[in-house]
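Student: Encoded as structure tokens, here's the structure I'll be asking about.
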Amino acid sequence: MLYRKKTSRRLFASTLALATVLAAAPIAAQESQDPTLSEADEPPSEDLHDRRIDYQGQIIVSAQGLRQFDLLAGTSVVEAADLQRNMDGQLGEVLASLPGVSASGFAPGASRPILRGFAGERVKVLVDGIGAIDASNTSDDHAVSIDPLTAESIEVLRGPAVLLFGSQAIGGAVNVIDKRIPRRIPDEPIHVDLVARGDTASDLREFGGSVDVPLGNSGFVAHIDGSWRKTNDLEIAGYQVAPLLRAELLEEAAEEEAEGEVEEAAELREAAEQRGILPNSATETWTANAGLAFFRGDSSLGVSFGVYDTDYGIPGRPGAGHHHGEEEEGHDEDDHGDEEHGEEEGEELVSIGLRQYRADLRGDVFLGEGFFERLRLRAGYSDYTHTEFEGAEVGTVFDVEGIEGRLELVQNQQGRWRGSMGAQYYFRDFEAVGAEAFVAPNRTEQIAFFALQEYGNGPVQVEGSVRFESTDVDSIQLGIERSFDTFSGALGLAYDGPQAFRAGVNVSRVARAPSGEELFSNGPHIATQAFEIGDPNLDTERAWGAEIFARGRVGRAEFSLAAYKNWFDDFIYLSATGTEEDELPVFAYRQQDATYTGVEGEIDYEFYDDGNVALGAELRGEYVRAKLSDGNSVPRIPPLSLSGALTASAGDFDLRGEVEWFDDQRKVAPFETATEGFTHVNAAITWRPLRDNPNVSFIVKADNIFDVTGRRHTSFTKDFVPLAGRNISASVRASF
Numbered sequence: 000m001l002y003r004k005k006t007s008r009r010l011f012a013s014t015l016a017l018a019t020v021l022a023a024a025p026i027a028a029q030e031s032q033d034p035t036l037s038e039a040d041e042p043p044s045e046d047l048h049d050r051r052i053d054y055q056g057q058i059i060v061s062a063q064g065l066r067q068f069d070l071l072a073g074t075s076v077v078e079a080a081d082l083q084r085n086m087d088g089q090l091g092e093v094l095a096s097l098p099g100v101s102a103s104g105f106a107p108g109a110s111r112p113i114l115r116g117f118a119g120e121r122v123k124v125l126v127d128g129i130g131a132i133d134a135s136n137t138s139d140d141h142a143v144s145i146d147p148l149t150a151e152s153i154e155v156l157r158g159p160a161v162l163l164f165g166s167q168a169i170g171g172a173v174n175v176i177d178k179r180i181p182r183r184i185p186d187e188p189i190h191v192d193l194v195a196r197g198d199t200a201s202d203l204r205e206f207g208g209s210v211d212v213p214l215g216n217s218g219f220v221a222h223i224d225g226s227w228r229k230t231n232d233l234e235i236a237g238y239q240v241a242p243l244l245r246a247e248l249l250e251e252a253a254e255e256e257a258e259g260e261v262e263e264a265a266e267l268r269e270a271a272e273q274r275g276i277l278p279n280s281a282t283e284t285w286t287a288n289a290g291l292a293f294f295r296g297d298s299s300l301g302v303s304f305g306v307y308d309t310d311y312g313i314p315g316r317p318g319a320g321h322h323h324g325e326e327e328e329g330h331d332e333d334d335h336g337d338e339e340h341g342e343e344e345g346e347e348l349v350s351i352g353l354r355q356y357r358a359d360l361r362g363d364v365f366l367g368e369g370f371f372e373r374l375r376l377r378a379g380y381s382d383y384t385h386t387e388f389e390g391a392e393v394g395t396v397f398d399v400e401g402i403e404g405r406l407e408l409v410q411n412q413q414g415r416w417r418g419s420m421g422a423q424y425y426f427r428d429f430e431a432v433g434a435e436a437f438v439a440p441n442r443t444e445q446i447a448f449f450a451l452q453e454y455g456n457g458p459v460q461v462e463g464s465v466r467f468e469s470t471d472v473d474s475i476q477l478g479i480e481r482s483f484d485t486f487s488g489a490l491g492l493a494y495d496g497p498q499a500f501r502a503g504v505n506v507s508r509v510a511r512a513p514s515g516e517e518l519f520s521n522g523p524h525i526a527t528q529a530f531e532i533g534d535p536n537l538d539t540e541r542a543w544g545a546e547i548f549a550r551g552r553v554g555r556a557e558f559s560l561a562a563y564k565n566w567f568d569d570f571i572y573l574s575a576t577g578t579e580e581d582e583l584p585v586f587a588y589r590q591q592d593a594t595y596t597g598v599e600g601e602i603d604y605e606f607y608d609d610g611n612v613a614l615g616a617e618l619r620g621e622y623v624r625a626k627l628s629d630g631n632s633v634p635r636i637p638p639l640s641l642s643g644a645l646t647a648s649a650g651d652f653d654l655r656g657e658v659e660w661f662d663d664q665r666k667v668a669p670f671e672t673a674t675e676g677f678t679h680v681n682a683a684i685t686w687r688p689l690r691d692n693p694n695v696s697f698i699v700k701a702d703n704i705f706d707v708t709g710r711r712h713t714s715f716t717k718d719f720v721p722l723a724g725r726n727i728s729a730s731v732r733a734s735f
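In terms of numbering that gives the first Met the number 0, the sequence shown has 624 at position 625, counting the first letter as 1, and numbering is strictly consecutive.
This is the structure:
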């Protein structure tokens with residue numbers, strides 16, 4: 000491991016040095032030509048959370064190179080009030096109410112976004128356009144190392160153009176925009192953002208803040224931010240376990256009692272009757288980031304360093320215990336576990352301690368009026384450690400050290416042509432140490448080249464994107480080396496109509512190399528309570544895709560609709576086998592053809608506005624069907640869901656009432672249980688007390704008002720990790 004660490008650190012140092020040279024030289028050249036600072040080049044903004052709108056009524060995302068949404072059907076941008084109202088400690092839960100988005104919901108401390116039914120390796124999680132470089136894509140029990148609390152906005156990108164960020168983005172990408180590297184020079188001598196929140200279901204206490212300070216007239220801006228969050232065990236609406244599992248536990252209890260095992264029977268009944276609280280689900284998280292950026296003319300260069308630290312419990316399957324600790328008499332308690340709420344005596348609670356150190360660099364250099372307009376550079380380095388505890392004892396330690404760099408040249412518009420092209424490098428060194436290190440140490444190295452081109456200024460536009468990746472995955476311990484060369488491409492045709500109406504069709508051909516976890520897993524994983532088996536002979540996963548979309552405004556209604564289908568060759572998936580190993584259920588990575596078909600959309604309608612009072616309605620929905628070539632369903636696909644809301648705004652107050660409905664999911668994979676549907680009713684009121692500063696807001700929200708039990712079918716742990724019960728929360732956000 001020492002050799003690999005030295006190698007990646009040299010790569011990171013080389014990348015930073017190259018980036019500094021590339022970015023600093025043009026900036027220095029501009030100092031003598033244009034002494035003005037970039038604040039003159041930025042449009043005035045009331046708030047750092049302002050929405051970005053282009054000349055055709057479209058939302059402009061910050062994802063580099065994607066100037067329009069032609070190849071991004073079904074894209075959403077969450078910021079300001081929506082971000083505050085849907086805030087959660089895990090990224091998946093923040094976005095779960097958006098059309099086409101669900102969450103893995105493994106535990107309150109670990110929930111990753113699921114886009115169009117795609118999860119894990121097929122969803123790219125980005126920080127300001129570059130990968131999170133953590134282990135959240137490898138297993139659902141691993142938290143995303145990003146705190147949404149200090150985010151400026153979150154972009155959910157779906158559609159073939161997202162492939163510019165990597166073949167991992169077959170399902171889409173989630174791009175978290177934060178300010179760890181300052182994005183502009185503040186107008187004020189000091190700019191402060193603050194947020195605080197609490198709730199009743201988890202006894203939540205959290206707060207975060209950031210400060211941006213321009214350093215005189217030098218062009219430098221300094222930034223610091225931090226956050227802290229703590230929760231207790233989650234309050235739930237009813238029984239912890241699903242009806243089928245509860246019946247099994249009670250049946251086992253009766254059998255144990257008939258055999259004279261009174262104590263074992265009592266423990267099984269206690270597990271079956273557990274209700275009101277989700278044991279071992281408490282969390283604690285803190286973050287700290289510092290950054291510095293230099294602005295000169297139309298160019299900028301910035302760096303940052305940050306820490307993400309979290310500890311969270313992994314709820315155990317009731318009645319199962321932990322098979323690897325059964326022979327021990329007991330265990331010590333520590334901060335990683337809580338013996339309350341009916342945990343079995345001698346059972347070792349599983350928890351996870353995670354820490355990531357991260358350094359980032361961003362450069363944006365104006366090149367003039369030639370063929371290329373801008374040079375954009377992003378680089379990130381991560382040193383990530385994830386420890387799975389069994390009670391007080393260290394079970395398994397996962398170390399991930401990685402670097403990702405991205406260089407992009409943006410073209411000046413040449414007549415009707417515009418676009419960008421670039422290269423990307425990724426290196427990850429993964430090692431798991433411990434008795435239950437279920438993945439062999441492995442390294443992944445990838446280099447990619449990509450381009451996006453657009454043609455047309457009139458009512459019809461054509462776009463195309465291509466990406467080539469060369470990926471090497473090896474495990475020295477196993478003596479296995481795999482190499483993959485993959486090509487991906489997309490072509491789109493869009494039409495602009497009146498009133499910002501836009502419609503189009505996209506087709507794509509994508510390819511993805513299997514990951515180290517999919518290739519090299521082989522052993523018990525304590526956190527997921529499963530025995531996971533990879534396949535070192537997996538082939539490249541390929542897919543054809545097609546989608547049609549329409550969005551725009553008709554009268555007082557804004558809408559966005561998309562329908563899509565993907566045809567996979569050699570689709571890679573993790574599936575239960577129905578067997579056991581070391582008294583754990585076996586899950587194996589398998590490969591066969593598959594199809595995904597889906598539709599998603601949203602409509603916002605303002606039916607009354609007299610200048611003082613505005614009334615509106617919202618409707619959102621999604622459906623996806625995923626089948627394997629053998630006729631079975633793909634595991635853990637979200638069900639049909641619909642949500643509707645009524646909104647009212649009057650002066651300094653906004654009111655919102657909404658209903659979220661999730662259908663039963665009975666189209667399940669072999670050895671997968673069905674999930675009952677549920678309906679949640681929510682309400683929120685927002686108050687902006689300062690007329691001269693609308694960026695100060697208070698929100699009081701009631702979720703799941705009728706205390707209904709809900710379970711996400713997308714979750715590995717759905718049968719014993721339900722969603723929160725009735726929850727009253729209050730938050731305040733200020734920007735000044």
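For every residue, glycine included, the Cβ atom is placed at its ideal position computed from N, Cα and C.
Compare the C-beta of A265 against all C-beta atoms of chain B and say whether one is closer than 8 Å.
Tutor: Absent from the structure: chain B. Only one protein chain is present.
Student: Report all residues from its chain with a CB closer than 6 Å to the CB of A470; omit the five preceding and five following residues, and keep chain order.
Tutor: Note that residue 470 is Thr in the sequence shown here, rather than Ala. Correct list, in chain order: Q445, F483 and A512.
Student: Cβ atoms of I235 and A723: under 8 Å apart, would you say?
Tutor: Yes, the Cβ-Cβ distance between A723 and I235 is below 8 Å.
Student: Taking the runs of the beta strand (DSSP E) that are 3 residues or longer, which of them lie wholly in the stretch 420–462?
Tutor: Entirely contained in the stretch 420–462, the beta strand (DSSP E) runs reaching 3 residues are, in chain order, 441–454.
Student: Does the separation of the CB atoms of G418 and L451 fall below 8 Å?
Tutor: Yes, they are a contact pair.
Student: May I have the straight-line CA-CA distance separating I525 from E582, to the nearest angstrom?
Tutor: Approximately 12 Å, taken between the alpha carbons.
Student: For F519, report the span of its alpha helix (DSSP H) as first-last.
Tutor: Start and end: G515 to F519.
Student: Using the three-state DSSP reduction, which class does A649 fall into: helix, strand or coil?
Tutor: Strand at A649.
Student: Under the rule that 16 or more other beta-carbon atoms within 10 Å means buried, what is I786, buried or exposed?
Tutor: The structure shown does not extend to residue 786, since the chain is modelled only from 0 through 735, so no value can be given for it.
Student: CB-CB under 6 Å to R725, same chain, minus the five flanking residues each way: which ones, in chain order?
Tutor: Closer than 6 Å at the Cβ level, and outside the excluded window around R725, lie N703 and D706.
Student: Measuring alpha carbon to alpha carbon, tell me which of I132, I180 and D198 ends up nearest A729.
Tutor: Minimum Cα distance to A729 is reached at D198.
Student: The alpha helix (DSSP H) that contains R245, what's its start and end?
Tutor: P242 to A257 is the span of the alpha helix (DSSP H), which, as asked, contains R245.
Student: Taking the alpha-carbon positions, what's the A109 to D177 distance?
Tutor: Spanning the two alpha carbons is a distance of roughly 20 Å.
Student: What's the C-alpha gap between F548 and F519?
Tutor: Between F548 and F519, the C-alpha separation is close to 39 Å.
Student: Counting along the chain, where does the beta strand (DSSP E) carrying R405 start and finish?
Tutor: It spans E392 to Q410 - the beta strand (DSSP E) in which R405 sits, taken as one unbroken run.
Student: Sort G379, G515, A257 and V393 by Cα distance to T443 and report the nearest one.
Tutor: Comparing Cα-Cα distances from T443 to each of G379, G515, A257 and V393, the minimum goes to G515.
Student: With H, G and I counted as helix, E and B as strand and the rest as coil, what does DSSP make of P147?
Tutor: It is helical.
Student: Nearest to N136 by alpha carbon, out of S299, R427, N216 and R84?
Tutor: The shortest C-alpha separation from N136 is found at R427.
Student: Excluding five sequence neighbours on each side, which residues of the same chain lie with their C-beta closer than 6 Å to the C-beta of V695?
Tutor: Correct list, in chain order: L689 and A733.
Student: In whole angstroms, what is the alpha-carbon distance linking V667 and P638?
Tutor: Cα to Cα, the separation comes out at about 10 Å.
Student: Helix, strand or coil for E41? Go by DSSP, reduced to three states.
Tutor: The pLDDT assigned to E41 is 38, lower than 50, so where the model puts this residue is not dependable; a value taken from the coordinates is nonetheless given after this. If DSSP states are grouped into helix, strand and coil, E41 belongs with coil.
Student: Give me the Cα-Cα distance between M420 and L360, rounded to the nearest whole angstrom.
Tutor: Those two C-alpha atoms are separated by around 19 Å.
Student: Roughly how far, in whole angstroms, is the beta-carbon of G709 from the beta-carbon of F677, given that I think they are within contact range, below 8 Å?
Tutor: Between F677 and G709 the Cβ distance is about 4 Å, and since that is below 8 Å, they are a contact.
Student: Using a Cβ-Cβ cutoff of less than 8 Å, which residues in the same chain neighbour L90 once the five nearest sequence positions on both sides are dropped?
Tutor: Cβ within range, chain order: S110, R111, P112, V124, V143, I145, P147, I153, V173 and V175.
Student: If we ignore side chains and look at the alpha-carbon of each, how far apart do P458 and P213 end up?
Tutor: Roughly 43 Å between the two C-alpha positions.
Student: Taking C-alpha atoms, which residue in V438, D363 and F388 lies nearest to R295?
Tutor: Cα-wise, what sits closest to R295 is D363.
Student: Shortest alpha-carbon distance to F429 belongs to which of N216, E400 and V409?
Tutor: Closest option to F429, Cα to Cα, is E400.
Student: Measure the beta-carbon distance from V396 to G433 and round it to whole angstroms, keeping in mind my assumption that it falls under 8 Å.
Tutor: That belief holds up - the Cβ atoms of V396 and G433 are roughly 6 Å apart, short of 8 Å.
Student: Provide the residue span of the alpha helix (DSSP H) that contains L639, from first to last.
Tutor: L639 -> no alpha helix (DSSP H), and no H or E assigned at all.
Student: Secondary structure at A542, three-state DSSP: helix, strand or coil?
Tutor: In this structure, A542 counts as strand in the three-state DSSP scheme.
Student: Residues in its own chain within less than 6 Å of A358 by CB, not counting five upstream and five downstream?
Tutor: Correct list, in chain order: F304 and Y380.
Student: Counting C-beta neighbours from all protein chains within 10 Å, is the total for D232 16 or more, i.e. buried, or is it exposed?
Tutor: So D232 counts as buried.
Student: Whose C-alpha, out of Y572, A270, G551 and A134, is nearest the C-alpha of L627?
Tutor: Closest by alpha carbon: Y572.
Student: Counting Cβ pairs, one atom from each stretch, are 3 or more of them under 8 Å apart for the stretch 257–270 and the stretch 184–196?
Tutor: No: the two stretches stay apart, fewer than three of their Cβ pairs being nearer than 8 Å.
Student: Which class does E372 belong to by DSSP, given the choice of helix, strand or coil?
Tutor: In this structure, E372 counts as strand in the three-state DSSP scheme.
Student: Counting C-beta neighbours from all protein chains within 10 Å, is the total for Y607 16 or more, i.e. buried, or is it exposed?
Tutor: Exposed, since its Cβ has fewer than 16 Cβ neighbours within 10 Å.
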